[in-house]
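The structure appears below as structure tokens.
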Amino acid sequence: MSDVIVSLKAVRKIFESGAERLSILRDVNLEVEKGTRVLITGESGSGKSTLLNLIGGLDSPTSGSVRVGPWDVASLPEEELTGYRSRYVGFIFQFHYLLKDFSALENVMLPAFMAGTPKKAALERARDLLAEVGLADRASHYPSQLSGGERQRVAVARALVNDPLLILADEPTGNLDPENSASVEDVLFTVVREHGTTLVMVTHDQALAARGDVRYALRTGELERA
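Reading the sequence shown from the start, the letters are residues 150 to 375 in our numbering.
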């Protein structure tokens, strides 16, 4: 039985605006084995976020196939895509996107509750995850009462609340100072290892990329093993 959880084959992404055709990804092939931490580097505009969006079902390729586990992501109807994104993929972005009127605990539990987990169980799961990321004592605090690093750690906990097969992280420390960046990186790598979760992260930070089990570089739309 194959341990490959993500498989992209000959993936192209072209954006068209009027007479202009912009090729973002060019025949990208990628295989990610279950439980590995894959880091992809690239300059701004190299297509890193587009690549993650295709894996996460937030966008569709112009051509080629995108498979995650048993799902042919590129061909899923919207209703099934919504379920795929909410239950099987955890997203962490450069900005935390926490809901300002909800506490840290509520922000973490909400995706589980919306996916059908009973409220009590969702709250217990959220408390456990906040403890894992070192924020047990900040559960009742609102985003405005948290530091930038704390907000991103809440985002890490939120991404794990539905026990996803895969975490997709898009420059998750890009807005943080070096000290907070190091803290969030340590927490993220620790919790995905302990949960056995597969991680695909894109970054321009070479030092961060060095922490991956497997490294790639995206240059002018083409993916190369680093």
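Idealized CB from N, CA, C, for every residue including glycine.
So is residue i buried or exposed if we call it buried at 16+ other beta carbons inside 10 Å?
i    : result
F164 : exposed
Y365 : buried
G206 : buried
L171 : exposed
E299 : buried
L248 : exposed
M258 : buried
P313 : buried
N178 : exposed
A264 : exposed
M150 : Low local confidence applies: a pLDDT of 43 at M150 is under 50, so the model's placement there is unreliable, with the coordinate-based value given in what follows. Exposed, since its Cβ has fewer than 16 Cβ neighbours within 10 Å.
S148 : Summary: the structure shown does not reach residue 148, with the chain confined to residues 150 through 375, and so no result is reported for it.
T190 : buried
Whole angstroms is fine: what's the gap from residue i's alpha carbon to residue j's?
i    : j    : result
R236 : R302 : 20 Å
L367 : K269 : 43 Å
E228 : G297 : 34 Å
E320 : G167 : 31 Å
D152 : T352 : 25 Å
G184 : L309 : 14 Å
S156 : A261 : 27 Å
R175 : V217 : 20 Å
A159 : Q243 : 28 Å
R360 : S209 : 29 Å
A288 : E169 : 49 Å
T266 : L225 : 23 Å
A356 : L188 : 11 Å
D362 : R186 : 5 Å
G283 : L200 : 31 Å
V222 : V215 : 6 Å
How far does the beta strand (DSSP E) with residue i in it extend, from its first residue to its last?
i    : result
A318 : 315-319
S172 : 169-182
F240 : 238-241
A285 : Careful: A285 lies outside any beta strand (DSSP E) and carries neither H nor E.
Would you give the residue range spanned by the alpha helix (DSSP H) that residue i belongs to?
i    : result
V305 : 297-309
K380 : Any property of residue 380 remains undetermined from this structure, which presents the chain solely from 150 to 375.
K197 : 197-204
R342 : 327-344
F262 : 253-263
A358 : 355-358
| query | Are three or more beta carbon pairs between the segment 277-293 and the segment 251-261 nearer than 8 Å? | reply | yes
| field | At least three beta-carbon pairs within less than 8 Å, the segment 308-325 to the segment 337-355 | value | yes
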